[in-house]
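Peer 1: Protein chains in written order, with the working numbering: chain A, 1226 to 1662; chain B, 190 to 438. Idealized CB from N, CA, C, for every residue including glycine. Values in this document were obtained by computation on a predicted structure and should not be read as measured data. Let me give you the structure first, and then I'll get to my questions.
In C-alpha cells:
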C-alpha cells in the first residue's frame, strides 16, 4: 500500500484514541481532507523541483508506535546542550519522556501539546493560536491532521526567560521505519524573551521520517532566538515546517545548522504583521556523501518600516546537493522595508551541486532590497598561506570553512550553543585544531 | 642552508625563472632586488612550495635535502617561513589561536607534544613586546580589518613565534610607514642568529638601511644577473635598473 493510502486509512484508528468532540478535531479533519486532495509533494511542484521525496516515501513507515521505548540518559546526553541550565521537553518516538524532560508551569508554560489540547485552562490559547499561522500546504496539513503531541511554550508578558528551552525528539528505530509528526506551538507575549534549541535525533540507522510543524507567535516587543541543530543519522529525513507570526517591534532570529541526515527540507516562513519588526534568518549547511539539504525561506513584509536579514552559508562535498530558495515578498503597503539576503556556497567536490534561487516580489516603491548569491571553491591562496605556517591541508581547509561560516556563528547568542556548533563543525571536518574551532 | 641551482619554472605556459642560482648560508642576510615582473615573488613562492608553479628544471636544497617534492606545510615544518606580500584574512580565528595552531601543528610534525599553555603565553608576550604589538590586537580575527602595516607586523610576529631557519620577507616594507618599518626591521634583526638566514625581497633600499644585507642580488628576467654587497642596493636606488639591463646586452 502506498504511504498516502496507508495514512488515510489509518485515520479512523487514530480517531479512536483521541477526543473527537473537540474543536481541534474539526481542524484535523479538514487538514486530512486537504492532504487527501494534495498528496505528497512531487518534483512537478515548483517548490519541490530540486528535492524528491520519492525514494523515502517508499519505506513502510510505522505511523503510531505503541511500544513505550526508553533510552538511557547516558546514551543520549551528548545530544543535549548539557553544560547549561535549561528547560527540556523531550520526546521518544513521538511520546513525551518525563524522565528526560524538565518542564514547568510556574508563571510560564513549558509543557506539552497533549496537555494544552485537553486541559480547559489552555483552551483560549489553543483557540487563538493553534494552526493560525501554519500554511495549509500538503505536508503541513498532514501534520495538522495527526497533531497530538509536541512542545507547548507560552511566555507571558514581560517575562524574560533566562534559561533556554531545549526541544528534543528522539526516535529509537524500534521499527524498520518510523514516521513521527511533532507539532509545536510557541506563544511569546508582549515584551517577553525566550531562547529555544530544537533537535531531531535518530538513535539507530533505521529509516525515520519526521514531518514537523512549529508555529511561533511573537507579540509586540517580544524577542525570540531559535536554534535548530540538524545533525541526524544517514537514514533520517526531516521536513521542518516553521511559521512565524511577528507583531510590531518584535525581533525573531532563526539559526539553522544542517550537518547531517538523509534529506533535510526546511520550510521557514516569516510573516511580519506590524511595523518596526526585525526578522533574522541564518544557516550553516555542511554536508557530504549523498546528503541533501533544502532551505526554502519566505519573508513576507506586510507592513511598513520592517527589516529582514538572511545569511545562509553552504559547504558541499562529495555528491551532496543543496537548495536555497529565498523568497521575499514586499506588499504595496510595506514602504521603507529593508530586506537583505545573502547566500554563499562552496563546492568542495566536482560532483556536489547547489541550486540557488533568490525570489523577490516587490510591490512597494520605497524599499531597500538586496540579495547576493555566490558559488565558489575554497581560496587556494588562503590555503597556501595556512600551509606555509605549518598547518596541514586538511586542517587548513577546516579553518577556511570555519572562517567562511563565521558570519552566521558570530550572531549565536548562547555561548554553549556556539561552542557546540563549532565542535560539531570540527568533528564534521575531521580535525582537532586544539582550540574551540 | 639554501642552495638553488639552475632553477627553471613556469606558470601555465609562461616561463618565469630561467636558470636561477642562489646560495644562502646560515647567519647570512641576502637581499633580492629587481624590476617588476622579474620573478622575485615567484621565487619566494616556489621556495615555499606553492603549487601553481611548475618547476621544469633545477634543484632547491634545504640543508642538503632536495625539497622540491615536499608540500608547503612540510617545508614550513623544516623551517621555511614566507612573510606574505598580501597576508590573507581569516574571520573568526584570532591571531593567538592561529599562531597556537601553527606552532602545535609544526611541533606535531616534528614529533613533539603541544607547547604547554604557560610557555606559549610567555612566548606570545615576549614576541609581541619585541614587535610593539598591543595585546588587544592578538585577540582580533587574523588580518581582518588590519591596516597594511598591521598585517606586515603580524607576519613578522608569526615569524618570531615560529623561529624559522630560513625566513623570506616578500616586500615586507611595502605599506609600512617609517615607524612601523623601524619596528619590523628591529624585530627581524633581533631574531637573526648564526643559525638562521634571511632573504629580503624589496624594491627599495630603505628597508636595507635597517636590515643590512651581506649580499644584494639583482633578479632580472628570471635570473640573478648581478651580485654585490650592501652598496649595490644604494647604487640601484640611485641609478635604477637600466644600466644593468644595458650591461647585459
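Compare the C-beta of residue 1516/A with all C-beta atoms of chain B and state if any pair is closer than 7 Å.
Peer 2: Not closer than 7 Å to any Cβ of chain B, the Cβ of residue 1516/A fails to qualify, so no.
Peer 1: Quick one, which of 240/B, 285/B and 235/B has its alpha-carbon nearest residue 343/B's?
Peer 2: Ranking the options by Cα distance to residue 343/B, first place goes to 285/B.
Peer 1: Would you mind telling me which residues of chain B sit closer than 7 Å to residue 1606/A, beta carbon to beta carbon, in chain order?
Peer 2: What residue 1606/A touches in chain B: 277.
Peer 1: So, with DSSP's three-state summary, where would you put residue 1522/A?
Peer 2: Residue 1522/A falls in the strand class under three-state DSSP.
Peer 1: Run through the region 1500-1581 of chain A for me and flag every whole beta strand (DSSP E) of 3 or more residues, listed as ranges in chain order.
Peer 2: Correct list: 1503-1512, 1517-1526, 1532-1541, 1546-1555 and 1563-1572.
Peer 1: Could you say which of 1567/A, 1556/A, 1557/A and 1544/A lies nearest to residue 1550/A if we only look at CA atoms?
Peer 2: Closest option to residue 1550/A, Cα to Cα, is 1567/A.
Peer 1: Grouping DSSP H, G and I as helix and E and B as strand, with all else coil, what is residue 275/B?
Peer 2: In this structure, residue 275/B counts as coil in the three-state DSSP scheme.
Peer 1: Report the residues of the region 295-308 of chain B with a CB closer than 8 Å to any CB of chain A, ordered along the chain.
Peer 2: Cβ contacts with chain A come from 295, 298 and 303.
Peer 1: Given 8 Å as the limit, is there contact between the region 245-265 of chain B and the region 309-322 of chain B, that is, 3 or more CB pairs closer than that?
Peer 2: The region 245-265 of chain B is not in contact with the region 309-322 of chain B.
Peer 1: Express the C-alpha separation of residue 1431/A and residue 1404/A in angstroms, rounding to a whole number.
Peer 2: Rounded to whole angstroms, residue 1404/A to residue 1431/A spans 11 Å at the Cα level.
Peer 1: For chain A, is any of its Cβ atoms less than 7 Å away from the one on residue 281/B?
Peer 2: Cβ-Cβ to chain A under 7 Å: yes for residue 281/B.
Peer 1: Tell me which residue opens and which closes the alpha helix (DSSP H) that residue 1329/A is part of.
Peer 2: Careful: residue 1329/A lies outside any alpha helix (DSSP H) and carries neither H nor E.
Peer 1: Can you tell me which of the three DSSP states residue 1621/A falls into?
Peer 2: Reduced to three states, the DSSP call for residue 1621/A is helix.
Peer 1: At a CB-CB cut-off below 8 Å, which residues of chain B make contact with residue 1615/A?
Peer 2: Those within 8 Å of residue 1615/A in chain B are 262, 265, 266, 291, 292, 294, 295, 298 and 351.
Peer 1: Rounding to the nearest angstrom, what Cα-Cα distance links residue 1479/A and residue 1489/A in this structure?
Peer 2: Cα to Cα, residue 1479/A sits roughly 16 Å from residue 1489/A.
Peer 1: Express the C-alpha separation of residue 230/B and residue 396/B in angstroms, rounding to a whole number.
Peer 2: Rounded to whole angstroms, residue 396/B to residue 230/B spans 17 Å at the Cα level.
Peer 1: Provide the residue span of the alpha helix (DSSP H) that contains residue 1607/A, from first to last.
Peer 2: Residue 1607/A -> alpha helix (DSSP H) spans 1605-1613.
Peer 1: Which chain B residues sit within Cβ distance under 8 Å of residue 1612/A?
Peer 2: Residues of chain B passing the Cβ test: 238, 260, 261, 262 and 265.
Peer 1: Thinking C-beta only, is residue 341/B closer than 7 Å to residue 385/B?
Peer 2: Not a contact, by the Cβ cut-off of 7 Å.
Peer 1: Would you report the Cα separation of residue 1206/A and residue 1399/A, rounded to the nearest angstrom?
Peer 2: Past the boundaries of the shown model lies residue 1206/A; chain A is included only from 1226 to 1662, so the question cannot be answered.
Peer 1: Let me make sure I understand the geometry here. Which of 1413/A, 1348/A, 1235/A and 1324/A has the alpha-carbon closest to that of residue 1450/A?
Peer 2: Taking only the C-alpha atoms, the option nearest residue 1450/A is 1413/A.
Peer 1: Using 7 Å as the threshold, is the C-beta distance between residue 1359/A and residue 1468/A below it?
Peer 2: Taking 7 Å as the Cβ cut-off, residue 1359/A and residue 1468/A qualify as a contacting pair.
Peer 1: Buried or exposed: residue 1382/A, going by 16 or more other Cβ atoms within 10 Å of its Cβ?
Peer 2: That one is exposed.
Peer 1: 7 Å is my cut-off, CB to CB: does residue 271/B come that close to chain A?
Peer 2: Answer yes: the Cβ-Cβ gap between residue 271/B and chain A drops below 7 Å somewhere.
Peer 1: Strictly by DSSP, which residues pair up with residue 1494/A?
Peer 2: BP columns for residue 1494/A point to 1468/A and 1523/A.
Peer 1: Does the region 1615-1635 of chain A come into contact with the region 256-267 of chain B, if we say contact requires no fewer than three beta-carbon pairs (one atom in each stretch) closer than 8 Å?
Peer 2: The region 1615-1635 of chain A vs the region 256-267 of chain B: in contact.
Peer 1: Scan the region 1619-1636 of chain A for residues whose Cβ lies nearer than 9 Å to a Cβ of chain B and list them as they occur along the chain.
Peer 2: Taking 9 Å as the Cβ-Cβ cut-off against chain B, the residues of the region 1619-1636 of chain A that qualify are 1620, 1621, 1624, 1625, 1627, 1628, 1629, 1630, 1631, 1632, 1634 and 1635.
Peer 1: Does DSSP classify residue 1250/A as helix, strand or coil?
Peer 2: Looking at residue 1250/A - three-state DSSP - the assignment turns out to be helix.
Peer 1: If you measure from the beta carbon of residue 1609/A to each beta carbon in chain B, is any gap under 7 Å?
Peer 2: At least one chain B Cβ lies under 7 Å of residue 1609/A.
Peer 1: Using the C-alpha atoms, what's the distance from residue 1485/A back to residue 271/B?
Peer 2: Looking at the two C-alpha atoms, the distance is approximately 39 Å.
Peer 1: Mind checking residue 1438/A: buried by the 16 CB within 10 Å criterion, or exposed?
Peer 2: So residue 1438/A counts as buried.
Peer 1: Here's the rule: buried if 16 or more other CB atoms are within 10 angstroms of the residue's CB, otherwise exposed. What is residue 422/B?
Peer 2: Looking at its Cβ environment, which holds 16 or more other Cβ atoms inside 10 Å, residue 422/B is buried.
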